[in-house]
DNA sequence: GCTAGGGGATTGTGGAACAATCCGACAAGA
DNA sequence: TCTTGTCGGATTGTTCCACAATCCCCTAGC
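Protein chains in written order, with my numbering: chain A, 2 to 229; chain B, 2 to 229.
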């Protein structure tokens, strides 16, 4: 009998109006992760407040939200700047990714089947985007794929942690010139990993995942140090 | 020649004064994690601002910081409340803890020896506090012990993630009446785990850690559901 | 007993003002 | 020329105030 109410409750979040600070943060977040705001850019309170027609108070609250997500850094009396990731940041992101995605793989046997299906669905989206050469979408789908892998664990906190990491990773991708060549080699390995998961080979999947992430980390770190 | 400057640069963080919002958040955080502010308490902007002699704007910025750490929840047009953890939250915290601490254990062989020493040091502090019956300190040292285990990974993000989780856990502990009987049985297992780590038995340590956290989770969840 | 509506209290947001701080420019001295 | 001291503009940090939006509780009316 409560099925209807549960279904409605799932959409509860959608009707909660967002505060102005949240909306502002959302807009800025998009601009940052899409690369339209280059890392290191100073976000002037006055200029941004005027551009978005919000008060400084509201803008400062939005800055706090973004600082939490590590998309901007707040320097006292100097203002907020779009975060600049250095190679050690990227390496660290991959360390945490490995821990979270491994947790997902290990939870495979006790997880709901939908979670594994979500992994396959994300993979399909990535390959569909690859087929038409839409590399921006490929990058997005790849991130969603890995979120789905970690999501196997069924842990809200792991999901949130991964979401933050993926947002940070976009910052790194924005710093790498050719994102197209970056993702292509790894799609095949996504396919391999998914196959292992679907066959229930947890240990093999874990080995594959570890090697995958270590390789990806090396590629990106090299691109960052070599490119800049 | 640059050695001196490098050493000074390492202490750079210490001279950055904290903003009023950060100081306010720090004070509130202590009160919350020490249990002086009961979960569910409403934090009125006006009353708190007057008590701490800060303006509402500053207080609101502090609230954003605390909301990030999940110590308070912000409900639109209703205000902020000290977070109330339910059993599913605690269970989820332990899921993430397991992932992070496992990452530490697995990094054992490639970690600096100081990190393992930090684990032993935290354990010693806990046992010293136990000897004099200071159970509050035991609880704190136990949290530090587990942070040290995760810290073996040497990842700043893992460290920060664990620190947040431990702050959340204090909220749960505050809800459990007798914290004294809660920690005692697990000190022995901390000792066991440390011994396995020091002997380099990664796989055994991982098994012990997994069992440990699952048992601890069950104890706390039972205390929460039974006590309330 | 239940619904509808009103009033008070609190938060959300904007705006202004002043202090504190930073940064660059310029000048003075070695 | 290089370093150091000082000044002034620009920006942030913080406070205060005002008003709209919203929520919650209480009461009136059915």
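Ideal Cβ positions, reconstructed from N, Cα and C, are used throughout, including at glycine.
For the beta strand (DSSP E) that contains residue 81/B, what are its first and last residues? 80–83
Burial state of residue 14/A, where buried means 16 or more other Cβ atoms lie within 10 Å: Residue placement at residue 14/A is poorly supported in this model, since its pLDDT is 48, which falls under 50; the coordinates still yield a value, given next. When all chains shown are included, residue 14/A counts as exposed.
Spatial neighbours of residue 262/B in its chain, beta-carbon cut-off 6 Å, leaving aside the 5 residues before and after: This structure cannot settle anything about residue 262/B, because the visible part of chain B is limited to 2 through 229.
Please return the same chain residues whose Cβ sits closer than 6 Å to the Cβ of residue 226/B, not counting the five positions on each side in sequence. 88
### Message
Please list, in chain order, the chain B residues whose beta carbon lies closer than 8 Å to that of residue 191/A.
### Response
Under the 8 Å cutoff, chain B gives no residues; its nearest Cβ is about 21 Å from residue 191/A.
Problem - Cβ-based neighbour list, residue 80/B, same chain, cut-off 8 Å, excluding 5 preceding and 5 following - result: 43, 44, 45 and 46
For chain A, check one thing: does any of its Cβ atoms lie closer than 8 Å to the Cβ of residue 33/B?
no
query = Is residue 65/B helix, strand or coil by DSSP?
reply = helix
| In whole angstroms, what is the alpha-carbon distance linking residue 217/B and residue 83/A? | 41 Å
Write down the C-beta distance between residue 63/A and residue 108/A rounded to the nearest angstrom, noting that I regard them as a contact closer than 8 Å. Contact doesn't hold; Cβ gap of about 35 Å is too wide.
Next item on the list: Could you round the C-beta distance between residue 98/A and residue 94/B to whole angstroms and report it? I think they count as a contact, below 8 Å.
Entry: The pair is not a contact, with the Cβ atoms about 20 Å apart (cut-off 8 Å).
When the Cα atoms are used, what is the spatial distance from residue 220/A to residue 127/A?
20 Å
>> Alpha carbons only, please: which of 22/A, 68/A and 211/A is nearest the one belonging to residue 75/B?
In response: 22/A
By the three-class DSSP mapping on this structure, what secondary structure does residue 77/B have? coil
**Prompt:** Does the beta carbon of residue 223/B come closer than 8 Å to any beta carbon on chain A?
**Reply:** no
query: What residues in its chain sit with their C-beta under 7 Å from that of residue 123/A, if we drop five residues either side in the sequence?
result: 142, 145, 146 and 149
So, under 8 Å CB-CB, residue 206/A and residue 197/A are touching, yes? Tell me the CB distance rounded to an integer number of Å. 4 Å
Spatial neighbours of residue 3/A within its chain, please: CB distance less than 7 Å, with the 5 preceding and 5 following residues excluded, ordered by chain position.
Any reading at residue 3/A needs caution, since the residue's pLDDT is 43, under 50, leaving its predicted position unreliable; the model's value is listed next. Here the set comprises nothing.
Which residue's Cα is closest to the Cα of residue 78/A: 92/A, 172/A, 61/A and 117/A? 61/A
Out of 101/B, 27/B, 56/B and 29/B, which one is the CA nearest neighbour of residue 160/B?
101/B
*asked:* Applying the 10 Å Cβ sphere with the 16-neighbour rule, what's the burial state of residue 125/B?
replied: exposed
| message | At the level of alpha carbons, what is the spacing between residue 26/A and residue 163/A? | response | 19 Å
request  = Step through the CB atoms of chain A and report whether any lies within less than 8 Å of the CB of residue 214/B.
outcome  = no
Inset, instruction - Check distances from the C-beta atoms of the segment 89–102 of chain A to those of chain B and list, in chain order, the residues that come in under 8 Å. - result: 93, 94, 96, 97, 99, 100 and 101
- Message: By the 7 Å beta-carbon criterion, what residues does the segment 42–72 of chain B contribute toward chain A?
- Response: 58, 61, 62, 65, 66 and 69
> Within 8 Å (strictly less), CB to CB, does residue 77/B reach chain A?
Replying inline: yes
Proximal residues of chain B, C-beta to C-beta of residue 218/A below 9 Å: Neighbours of residue 218/A on chain B: none; closest Cβ ~12 Å, over 9 Å.
Q.
Runs of 3 residues minimum, wholly inside the segment 88–164 of chain B: which ones carry the beta strand (DSSP E) assignment?
A. none
Q.
Using 8 Å as the threshold, is the C-beta distance between residue 169/B and residue 71/B below it?
A. yes
*asked:* Can you find the residues in the same chain that come closer than 7 Å, C-beta to C-beta, to residue 138/A, ignoring five residues on each side of it along the sequence?
replied: 130
For residue 117/B, which option in 224/B, 203/B, 222/B and 212/B has the closest C-alpha, if you only look at C-alpha atoms?
203/B
Contact with chain A by residue 186/B, beta-carbon distance below 8 Å: no
- request: Report all residues from its chain with a CB closer than 8 Å to the CB of residue 173/B; omit the five preceding and five following residues, and keep chain order.
  value: 86, 90, 91, 94, 221 and 225
Beta-carbon spacing of residue 30/B, residue 67/B below 8 Å
yes
Host alpha helix (DSSP H) of residue 23/B (start-end):
21–34
> If you measure from the beta carbon of residue 111/A to each beta carbon in chain B, is any gap under 8 Å?
Replying inline: no
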